[in-house]
Every structure is written in C-alpha cells, then in structure tokens.
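Before any comments, here is the structure.
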Amino acid sequence: MKRYFILLIIVRFSLQLSAQEWVVAPADAALKSPFAFTDSTRKAGEAIYVANCKSCHGDPGKNNAIQLVPIPPDAASVKMQANTDGAMHYKLIQGRGPMPSFKNTLSSTDLWRVISFMRGYNPKYVQEVALPTIAGAAAQNVSIKLDWNKASGQVEASLTSLKGQVSQPVAGAEVKLFAKRYFGNLPVDEARKSDAAGKVAFNFPKDLPGDSIGNVQLIVKLTDEVAYGEASAEATLAVGVPTNRPALTAPRAMWGVLAKAPIWLIFAYLLAVLTAWGFIAYVISQIKAIYRAGSKEQL
Amino acid sequence: MASEVNTDFLQDKKLDSIAADILRPVGITQGFVVWMGFLGISLMGCIYAYSIQWDKGLIVTGLRDYTSWGMYIANFVFFVATSLVGMLISSILGLIGFKWVKPIARIAEIIAVAFAAVAGLVIIIDMGHPERLGNVFLYGRIQSPIVWDVTVVITYLTISILLYFLPLIPDLAISKGRMNHTPKWLQNLYEVMSVKWQHTPEQYRLLMKAIRILLILIIPTAFAIHTVTSWLFAVTLRPGWDSTIFGPYFLTGAFVAGSAAVVIVMYFVRSNYKLDKYLTNHHFDMMGKLLVLVSIVYLYFNINEYLVPAYKMKTAEAIHLHDLFVGEYAVMFWSVQLLGLVLPIILLLFSFFRKPFSMLIISIVVLVAAWFKRFLIVVPTQDHPFLPKQYVPQAWMVYQPTVIETAITVGTLLLVLIIITILVKFFPVIPIWEMAEEQHELDHKSQK
Amino acid sequence: MSQNSKDASPDHGNLEHGSTNSRRDFFKNFGLFGAVAAAGGAAIYSGYNYEETKPGANFVRVLTADNRIIEVPKEGFKDIKVDLNQLQKQGREGLKGHRFVMVIDLAKCRNARKCITACQGAHHLRPHEYHINTLVMQESEHTAPYFMPKPCQHCDNPPCVAVCPVDATFKRQDGIVLIDNERCIGCRFCIAACPYSARLFHWEEPLMAEADKGTPYNVELNVPQRKGTISKCLFSSDRLREGKLPYCVSACPNGVYYFGDENQDSVTNGTTKETFRLSELLKVNAGYQLMPELGTKPRVYYLPAKNRLFEFKDDKDPVKSI
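Chains as they are written, first to last, in the numbering used here: chain C, 53 to 351; chain A, 3 to 450; chain S, 6 to 327.
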C-alpha cells in the first residue's frame with residue numbers, strides 16, 4: 053500500500069514536470085525570421101509587447117511578472133532566451149493554459165517583431181535569418197479581390213500577382229477571412245488554400261449580422277508572410293443579415309425618461325394630482341367667499 | 003359634522019364659560035418660555051450636528067454602501083405614519099358620526115400638520131445633495147415613487163393645514179374681545195386669520211361645505227401618502243421589502259403610532275391646561291378602545307408579514323427572518339412586537355388600564371416601539387443583499403448609527419414638539435364653537 | 006524612486022496596456038506623490054492623457070490612442086476646450102446602432118483583481134470603492150467555490166433607473182446605464198433598488214476631488230467624482246466611443262472578459278484580442294445571466310466555472326483584506 057502511494061506521488065510529480073515543459077517539434081523550432089532584427093524591428097516589437105505581453109510577463113529584465121501559477125517567465129530570463137526563434141514563434145502562435153494564442157490577433161511579422169524585441173535583452177544572441185525562399189514558388193505583390201457568390205453563399209477571393217506586366221493567379225497560398233467587428237476581427241470559416249486558378253471560396257455563415265442593409269466589412273489576409281509578404285485586402289459586401297434593431301430606449305417603460313413614461317401612468321398621475329388640487333383650489337376659493345360674505349355683513 | 007349649523011349657541015351663556023376655559027392657557031406664560039427655551043437650545047445643538055453633516059457629507063453617519071438607508075429613513079417613515087392620525091380621527095370617525103372625537107379632532111390635526119411638515123425636512127436631511135431638491139421639480143420622473151411621495155406629502159400637508167385652519171376660523175372670531183391677557187400681535191393675528199368671520203348662516207354654510215370636501219379628500223390622500231411611502235420599499239426586489247401587503251401593513255401601523263401620539267398630547271393638554279371638563283376620562287377610554295382596535299388590525303398584518311415567508315423559508319427571506327427572530331436584531335424585534343403591540347392589546351382590553359395616566363404610559367411605550375419598528379423595517383433588510391459583502395472595510399459590514407446622526411434625528415423630533423407646542427399654546431386647542439354648539443343642543447334637548 | 010514617481014502620475018490611458026503594477030504603486034505612494042499627481046492634473050478626454058515629466062518642463066509626454074508616447078509642447082493643451090454640454094449630450098445619447106454586452110468566463114478568473122485596480126485608477130476611486138468587484142462565490146455547501154467578477158449588469162429592465170426621481174441615472178440606446186452626478190440628488194433609492202449591489206455612494210470627498218478640480222465633468226467617465234452622489238460601472242463608455250475595450254476588460258491578465266456588440270453578434274477577448282461570435286460562445290459554454298428570475302434582463306453573461314486550468318485558491322481574505 054505504501055509503495056503504491058509512493059508510486060502515485062512519483063507519477064504525479066513527473067506528470068507535473070512534463071506539464072511544465074513545453075515541447076516544440078524540431079521543424080517548428082527550426083523556423084527562422086524572414087527578416088533581420090534591427091533597431092526599427094525592435095522598436096516596433098516593443099509597442100506590440102507592451103500592448104499584448106507586458107500585463108503578464110512584465111518589463112523584460114525587471115522580474116516584475118504577474119504572480120500567476122506558473123509565473124510567466126521574464127522575457128530577458130535564461131529560460132525564455134533558451135528558446136530558439138522558431139520555438140518562440142510557435143509558442144506565440146499556439147498558446148497554452150493562461151498563455152493566449154496570438155494566431156488570430158497578431159500577424160506573423162508582428163510576432164517576429166516581438167521576438168526581435170525580446171532578443172534585444174540577450175547580448176549573446178546572434179541571429180540566423182531564414183534563407184530566401186525558393187524563387188518562383190512564391191510571388192510578390194499579391195493582390196486579392198473579394199466577391200460574393202450569392203448562389204453558393206460563399207465569399208470568393210481571387211489571388212493574382214504581377215510578373216513583369218502579366219497578371220498571374222497565385223496558387224496554393226493559404227488565406228484567412230475575417231469580418232470586421234466593433235472591437236476586433238472575427239475569423240470566418242477556416243484558413244483555405246487557393247486553387248490553381250488562384251481562387252479561394254469561403255463558406256460564409258448565413259446568420260452573421262451586417263449593417264442596416266446587410267453590409268459586412270471583410271478582410272482577407274495571406275498567412276504565409278515569408279513567401280508573399282504582408283498581403284491583405286478589404287471589401288464591403290452585402291453578405292450579412294440586415295440588422296437595424298431599434299434603440300433600447302425606444303419603448304415606453306418604467307425605467308424610461310419622463311417622455312417615455314407609460315401612458316397609463318401619466319394619465320393616472322395627472323388625474324390624481326389635478327383632482328386633489330382642484331378640490332384644494334375650490335376650498336381656498338371658499339375661504340375667499342367667506343371673507344367676502346363677512347365684508348358684506350360688516351357694511 | 004352636520005352641514006346645517008344652528009347659530010343659536012352664540013347667544014347661549016355657556017359659550018362664555020367654554021371660551022374662558024379654553025382661551026385661558028392661550029398666550030405666553032413662564033412655563034411656555036422655559037419649555038420653548040429648552041427645546042430651542044437643544045435644537046441649536048442638533049442644527050450644529052447637521053452643519054457638520056452638511057460640511058463633511060454623509061460620511062458622518064453610520065450609513066455605507068450596503069446599509070445606505072438608516073435612521074433618517076426610519077424616522078421619515080415614522081413621521082409620515084404618525085401624521086396619518088389626523089385623517090383617522092377627524093375624517094373617518096368624524097364622518098361616521100362619533101361625537102366623542104370633536105374635542106380631540108384639533109389635537110389630531112395638530113399632530114398631522116407637525117409630523118407631515120417635518121417629514122419633508124427629514125427626507126431632505128437624508129439627501130446627499132439637499133441643495134438640489136429643486137431637481138425633483140425640474141426633472142421629476144413620474145415613474146419614481148419618490149416623485150409620487152413628494153407630490154402626496156405636499157398635498158397631504160396642504161390639506162391637513164386647511165383642515166386645521168378652517169374649523170379654527172369661528173373660534174378666532176369668538177376669541178375677539180376675550181383675549182385681553184394675550185399679547186397684542188396675537189390678537190392682530192387672530193383678526194387677520196379670522197377672515198372677517200361674522201357667524202352668518204351663509205358663512206357657516208360655506209365653511210361646513212369646505213370642511214366636508216376636505217374631510218373626504220383627505221381619506222384617499224392619507225391612504226396614498228403612506229401607501230406610497232411603503233412602496234419606496236415594496237417596489238424593490240429585496241427580501242423583507244418585496245411584499246404585496248406593505249401598503250395596508252404600513253397604514254394600519256400608522257394608526258397605532260398616531261393614536262398613541264394623540265393620547266400623549268391629550269394627556270399633557272388636559273393636565274397642563276386644566277381641561278378635564280372637555281378631555282374627560284371617557285375620551286381616554288374611547289381612545290384606549292381605538293388603540294386596541296387598530297393594534298389588533300396591525301397585529302394581523304404583522305402575522306401575515308412574518309408568518310408567510312417564515313413558513314416557506316426561501317433562502318434570502320430565511321436569512322432576513324433569522325436575523326430578526328434569533329439573530330442580531332432579535333432583542334429589538336421581540337421588544338417591539340411584545341411590548342409595543344401584544345402587551346398593549348392585552349392591557350387595554352381592561353377598562354382599568356384605559357385611565358388617563360396608564361394610557362399615557364402605554365402610549366409612550368407604543369410610540370417608542372413604533373419608532374423602532376420602522377427601524378426594523380428599514381435597516382435589517384439591507385444587511386443581506388443577494389450577493390455577498392466582500393472586500394470592504396469592516397465598518398461597512400454593519401450599520402451603527404453615529405452620535406451626529408442621532409442628534410440630527412433628535413433635532414427633527416424637537417422640531418415636531420416645537421410646532422405642536424406653538425399650535426397648542428397660541429390657538430384654542432379644543433374647538434370652542436363646536437363644544438358650545440354641542441352643549442347648547444344637549445341643553446335644548448333636555449329642556450324639551 | 007524616480008521611476009515610481011513617474012508611475013504615480015495619473016496615466017489612465019496606459020491601463021489597457023497593463024501598467025497595472027504601477028497602479029498599485031500609485032495608491033501606495035499617493036500620500037507621497039499626491040502633490041505631483043495634483044500638479045499633473047487629471048484631464049482625461051478622448052483618450053489623450055498627459056503626464057508631466059519634470060515640473061516646469063515645456064514639453065509634456067502624451068500617450069496617444071494608438072499607444073505611442075510622444076512629446077508635445079505644453080501650450081498645445083491650453084487650447085483644448087471641452088464643452089460640458091457636448092459631453093452631456095453625447096453621453097446621454099449613447100452610441101447609435103450598438104447594444105454592448107459583456108461575457109465573463111468564470112473558468113478563467115483567478116482573482117488577480119487587475120480589472121478592479123484598472124477601473125479604480127481610471128475612475129479615481131479608492132481601493133474599497135468598486136465599480137467592479139470580484140466576489141468569492143459558493144452556491145451551497147457541496148458545490149465548488151469560484152471567483153466572480155461583478156460589474157454593473159447594465160440591465161435592460163433596470164430597477165435602479167426606474168426608481169430615480171430626477172433622471173440622474175438613465176439607460177442609453179446602446180444599453181449602457183450611466184449616472185449623471187451633475188443631476189444626482191443623493192437619495193440612494195437606486196442603491197436600494199439594485200439587486201446586484203452594483204452602485205456606490207460618495208459618502209465623503211472623493212479620492213481625487215482636489216486634483217480633479219476644474220476638469221469638465223464627463224458623464225461617460227464619471228470624473229470628477231462628486232461627494233454626495235452615486236457612482237457606478239459605466240462599461241467604460243468613454244473608451245467604447247473610441248472603439249476601445251473597457252478598462253477592466255483590457256487589464257485582465259487571464260482572458261476572463263469578452264466584450265462586444267450584441268447587434269454584431271460578436272465579442273472580443275480583452276486579453277487575447279480574439280473575436281468570437283457571441284451566440285456561439287454562449288451556446289458552447291452554457292452561458293447564463295445572474296439572477297435572471299428577477300426579470301432585470303442583464304447585459305452581462307457568465308460562462309460557468311468548469312474545466313478550470315488551475316486550482317481554486319482563496320488566498321485573500323475577502324472580509325479582512327481591506
């Protein structure tokens with residue numbers, strides 16, 4: 053029995069250990085930044101870090117991370133810097149436990165900028181920039197056109213790139229679609245790859261609210277920034293459900309302003325007040341009448 | 003109150019003696035000066051306490067975010083409650099035709115005017131920004147029970163003042179020439195206030211009609227004022243307040259408090275002014291019976307109010323009731339219920355206890371209990387909001403009235419006493435003409 | 006220490022970006038640096054917040070809406086005139102076409118209380134004055150305890166607004182319930198009426214009454230706070246006007262809060278900035294409202310505290326911690 057317990061404790065302990073390790077596949081860990089880290093990338097990375105990371109990880113090198121369990125490692129710490137660039141990139145994309153995934157909220161370029169900023173706190177760091185990708189496989193200056201196919205209910209994107217003077221379809225590129233909302237971009241459907249004709253078709257939900265005439269602002273982005281650079285396009289299409297709900301203050305209610313008081317209440321209140329004060333006014337007029345009667349008598 | 007008044011009583015010799023009896027205490031006496039001096043100086047202290055509150059804000063009270071209504075609001079409810087007795091005695095009992103209420107009616111109206119007037123002040127004291135009172139009239143939302151309350155308090159006060167003033171007019175005229183012992187300004191005031199009263203049948207006809215309108219009008223107004231006051235609590239979702247019988251519960255409670263207040267004033271008027279002839283043992287006996295009646299009705303509503311939720315023990319209600327029955331407020335709760343309600347009912351069933359002095363003692367106990375009863379209605383409910391009270395200073399957890407708060411509350415009571423004293427001292431406290439008329443009729447009948 | 010003094014200045018706009026540690030320092034050091042803070046003033050309008058670097062300097066550091074710190078000549082600020090009437094008008098009208106909604110994921114709340122400090126910093130409140138508070142909840146003896154952030158529920162049938170005698174507290178077309186402390190008479194009927202204990206009263210002179218003197222009153226921020234009036238959670242409507250998430254939502258390190266627009270069927274997480282469909286989120290996680298049986302129709306939804314990634318540890322005594 054005792055042995056069993058010890059075993060249990062060991063198992064539990066090792067589980068906990070493994071839980072603390074965050075294994076990154078070698079392929080992901082080997083990923084390298086497509087651009088060299090410079091002062092300007094570090095500066096851009098700082099702004100992103102302050103906005104997205106600092107609230108938990110604190111200021112790099114100051115060990116002022118928020119006291120969570122586990123404590124988020126300091127960006128300048130040995131533990132953090134032991135990650136390869138690729139591992140950092142992978143963890144930022146995936147997230148784990150309390151560490152959020154930035155897959156949908158930060159672009160790959162922005163993630164590399166953050167890594168660039170964090171590497172600024174490691175004097176021993178020497179960057180290895182990714183080798184330029186095989187020419188021809190990827191295209192530069194990609195432009196994207198968005199359209200709505202009413203019949204199929206799909207949003208279609210066509211990707212083209214300029215090669216010299218000729219416009220060519222971009223095939224096999226991964227694309228994501230977002231609908232613009234008040235506080236952020238809502239991912240629509242999943243990431244899809246363009247076909248040989250450079251076309252991508254996204255399933256668009258039938259019930260997504262648009263504006264009063266059903267317009268939705270759409271954003272489409274290429275995910276592989278290494279190969280294609282930062283390419284995105286915006287379009288306003290009537291793909292949503294026309295939404296024109298009345299102001300919440302429209303109906304008459306007990307909680308409304310005076311002008312929105314329930315009719316029966318206005319009526320009842322006025323009736324009661326006018327009745328009571330009508331009689332009071334009459335009584336006061338009677339006092340006057342008494343006075344007049346008395347004055348007449350005196351004469 | 004008959005609408006036709008036989009003015010023969012004016013020629014009756016008895017009028018002179020009645021007027022002499024009732025007008026004798028009117029005017030400034032040494033006792034009055036001492037009593038008013040005491041009240042006035044005490045009030046100055048209370049006004050000073052209020053000036054501190056004005057300066058520092060409501061932080062000087064024991065109120066905090068959880069218990070944000072306390073002594074002031076309890077006091078407000080108590081004042082409104084007590085003032086209702088004017089309606090009960092002069093209107094309901096008067097219209098039914100009970101003759102014995104005639105000498106008491108004016109006392110009841112004095113209590114109504116004094117308590118209703120100060121009730122408005124009490125609610126202003128409780129406000130965080132009293133100087134913004136005008137906003138209620140500028141931006142008033144008729145959906146808010148506070149606006150209803152303000153409307154109805156003003157209406158009730160106006161009607162009560164008229165109902166005090168109108169039956170006083172003939173007395174003011176009668177007093178002419180019989181007030182040589184009083185200061186000149188008071189006689190002049192009487193002259194102005196008597197609105198050229200000549201005792202003509204026409205004037206009596208107009209007066210009786212006006213009074214009759216007021217007597218009827220004051221019934222719904224009085225019902226409204228206390229029902230609306232109860233709605234300040236009943237319209238909320240809080241256990242302990244969220245009750246459908248709060249209107250009648252408050253109303254019947256009001257009659258208990260008011261009747262006790264009338265008995266107390268009656269006693270002091272009778273003993274100080276030597277008016278045993280007019281406020282007889284019979285009147286105390288009848289008031290005793292009235293007090294038993296309204297107390298029993300109130301007891302019935304109490305049983306409803308506590309037994310029904312206690313039977314079901316819904317979580318939130320159970321916490322509240324536990325606090326009242328056996329918890330923090332148990333001593334106050336049972337003292338109020340037993341000493342202020344059950345015991346007076348039992349005692350007053352015996353005519354032995356319906357004598358003036360024992361009535362005075364019982365009424366004082368009942369009135370004090372009535373005040374604490376309002377406290378028990380207002381405060382404990384707020385102690386247990388739906389969501390837990392956490393991460394706040396210890397002082398926020400329990401409501402402990404402060405000295406300043408208590409002083410201000412005492413000040414409002416002093417103000418009521420001052421108003422009552424002035425009205426009782428400067429004007430005939432018993433309707434002279436009604437007494438004379440009644441006497442004349444009695445004599446006339448016996449002659450026949 | 007000089008670092009502290011910089012942090013102690015009223016840098017409200019920074020909160021979204023999590024300078025929440027300095028927020029705590031701010032309260033700690035308020036006594037010391039109150040004078041600095043007072044000198045710095047607390048003019049906050051349109052997300053432009055300024056702090057004085059050195060007393061007497063001709064340049065002021067400004068945090069812009071897109072989170073850049075820039076230096077601007079001091080004179081530039083004198084010209085900004087904020088019209089109280091305009092603030093009142095826009096504040097009472099609200100944002101057309103929106104119905105704001107909040108979703109709180111109880112499974113993620115560890116009672117870090119960053120939302121509370123961010124809120125109190127923005128609205129100039131004391132540590133025990135809450136627009137939002139995190140409560141330790143337990144339904145009954147054998148059910149699991151959990152932490153529950155509790156802002157104003159911005160009910161669609163608000164009992165507090167119904168009872169207000171002077172239209173000082175009101176509901177806007179976008180669903181937000183605000184309080185106008187220029188109008189409030191301090192009767193506290195709304196406190197009595199609110200079943201969620203979401204309102205506070207300024208019993209004493211507010212924390213930054215001195216420093217806020219002269220600042221035009223912004224009903225969407227409820228600053229300057231005023232003695233003898235009510236204050237309450239505003240869903241940070243000043244930030245919503247600029248398309249930004251509320252202070253509390255942005256400050257949360259644990260991804261507890263989602264905030265968005267019911268009309269767009271979307272909510273955005275304040276920590277990860279990820280956007281989700283509101284209907285989906287509520288459906289998948291069995292979202293619920295607080296005490297719906299009261300008929301108040303809250304605009305705040307809760308996701309139950311199941312599958313928590315951490316052990317419940319109540320290390321702060323909710324009764325004695327203040």
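Don't be surprised by glycine CBs; every beta carbon is placed ideally from N, CA and C. Every value quoted in this text rests on a predicted model; they were computed, and no experiment measured them.
Under 8 angstroms from the C-beta of residue i: neighbouring residues of chain C
i: S/R188; result: Going along chain C, no residue has its Cβ under 8 angstroms from S/R188, so there is no contact; the nearest lies around 12 angstroms.
i: S/P297; result: Going along chain C, no residue has its Cβ under 8 angstroms from S/P297, so there is no contact; the nearest lies around 17 angstroms.
Chain-order list of residues whose beta-carbon lies under 8 angstroms from that of residue i (same chain, five-residue window excluded)
i: S/V168; result: F194, C195, A197 and A198
i: S/E98; result: R177 and Q178
i: C/A187; result: In this prediction, C/A187 has a pLDDT of 43, which is less than 50 and means its spatial position is unreliable; nothing more can be read from the coordinates.
i: A/I213; result: M3, L165, L168 and P169
i: A/M334; result: F374, F377 and L378
i: A/I148; result: V138 and L234
i: A/S19; result: none
Proximal residues to residue i (C-beta, below 6 angstroms), its chain only, five neighbours per side dropped
i: C/G147; result: S153
i: S/L205; result: E134 and S236
i: C/A189; result: With a pLDDT of only 46 at C/A189, under 50, the local geometry of the prediction cannot be trusted, and the value read off the model is given with reservation. Cβ neighbours of C/A189 beyond the five flanking positions: none.
i: S/F35; result: The predicted position of S/F35 is uncertain, since its pLDDT is 40 and thus under 50; a value taken from the coordinates is nonetheless stated next. Counting only Cβ-Cβ distances below 6 angstroms, and skipping sequence neighbours, we find nothing.
Chain A residues whose Cβ lies nearer than 9 angstroms to that of residue i
i: S/N200; result: In the sequence under discussion, the amino acid at residue 200 of chain S is Pro, which differs from the Asn named in the question. The answer, in chain order, is T238, L239, R240, P387, F388 and L389.
i: C/Q350; result: K198 and Q200
i: C/I318; result: I144
Where residue i meets chain A, residues with beta-carbon distance less than 7 angstroms
i: C/Y321; result: I144
i: S/A256; result: Chain A residues near S/A256: none, gap ~17 angstroms exceeds 7 angstroms.
Beta-carbon proximity list for residue i, same chain, < 7 angstroms, skipping 5 on both sides
i: S/G265; result: V106, S271, V272, T273 and L283
i: C/K348; result: none
i: C/R205; result: Residue 205 of chain C is actually Gly in this sequence, not Arg. Here the set comprises F256 and K258.
i: A/V412; result: C48
i: A/S93; result: L217, I220 and I221
Neighbour list for residue i in chain S, Cβ cutoff strictly below 8 angstroms
i: A/D325; result: Within chain S, no residue comes near A/D325; the closest Cβ sits about 17 angstroms away, beyond 8 angstroms.
Residue i: first and last residue of the uninterrupted alpha helix (DSSP H) it sits in
i: S/Q95; result: L89 to E98
i: A/P358; result: P358 to D385
i: C/D126; result: That residue, C/D126, is in no alpha helix (DSSP H); it is neither H nor E in DSSP.
i: C/K232; result: Careful: C/K232 lies outside any alpha helix (DSSP H), inside the beta strand (DSSP E) at E226 to K232.
i: C/I318; result: I315 to Q350
i: A/Q449; result: I434 to Q449
i: A/R108; result: K104 to I127
i: A/M38; result: Q32 to K58
Neighbouring residues, chain S, relative to residue i (Cβ below 9 angstroms)
i: C/S153; result: T277 and E279
Contact set between residue i and chain D, taken where Cβ atoms lie within less than 8 angstroms
i: A/H131; result: Looking for chain D here will not work: the only protein chains present are C, A and S.
Chain-ordered chain S contacts of residue i [CB-CB under 7 angstroms]
i: C/M306; result: A167
Interface partners of residue i on chain A, CB under 8 angstroms
i: C/V291; result: None at all; the shortest Cβ gap to chain A is about 42 angstroms.
i: S/C138; result: It is Asn, not Cys, that sits at residue 138 of chain S in the sequence shown. Residues of chain A passing the Cβ test: Q392 and Y393.
Start-to-end residues for the beta strand (DSSP E) that takes in residue i
i: C/I271; result: V268 to L274
i: C/P294; result: Neither: C/P294 is in no beta strand (DSSP E) and is coded neither H nor E.
i: C/D263; result: Where C/D263 is concerned, there is no enclosing beta strand (DSSP E), given that its DSSP letter is neither H nor E.
i: A/N137; result: Not the beta strand (DSSP E): A/N137 falls in the alpha helix (DSSP H), residues G136 to L140.
Chain C residues whose Cβ lies nearer than 7 angstroms to that of residue i
i: S/N259; result: P150
i: S/Q269; result: R233, Y234 and P261
Segments assigned alpha helix (DSSP H), at least 4 residues, entirely inside the region 231-319 of chain S
List check, alpha helix (DSSP H) in window: 242-245, 252-256 and 283-289.
Contacting positions in the region 116-140 of chain C - beta carbon closer than 9 angstroms to chain S
N116, I118, Q119, L120, V121 and P124
Looking at chain S, which residues of the region 327-344 of chain C have a Cβ within less than 9 angstroms of any of its Cβ atoms?
none
For a minimum of 3 consecutive residues, which ranges assigned as the beta strand (DSSP E) are wholly contained in the region 122-196 of chain S?
138-142, 151-155, 174-176 and 182-184
Can you pull out the residues from the region 141-174 of chain S whose beta carbon lies closer than 7 angstroms to at least one beta carbon of chain C?
D161, N162, P163, V166, A167 and D172
Just list the alpha helix (DSSP H) runs in the region 235-292 of chain A, keeping only unbroken ones of 4 residues or longer that don't cross its boundaries, in chain order.
248-275
Please list, in chain order, the residues of the region 205-220 of chain A that have any C-beta partner in chain C closer than 8 angstroms.
Listed by position along the chain: Q205, L208, L209, K211, A212, I215, L216 and L219.
Got a sec: which bits of the region 154-173 of chain A sit with their beta carbon under 8 angstroms from any beta carbon on chain C, in order along the chain?
T157, T160, I161, L164, L168 and I171
Under 8 angstroms, CB to CB, which of the residues in the region 91-119 of chain S have a partner in chain A?
none
Near-chain S residues of the region 210-232 of chain C (beta-carbon distance less than 7 angstroms), N- to C-terminal order:
none
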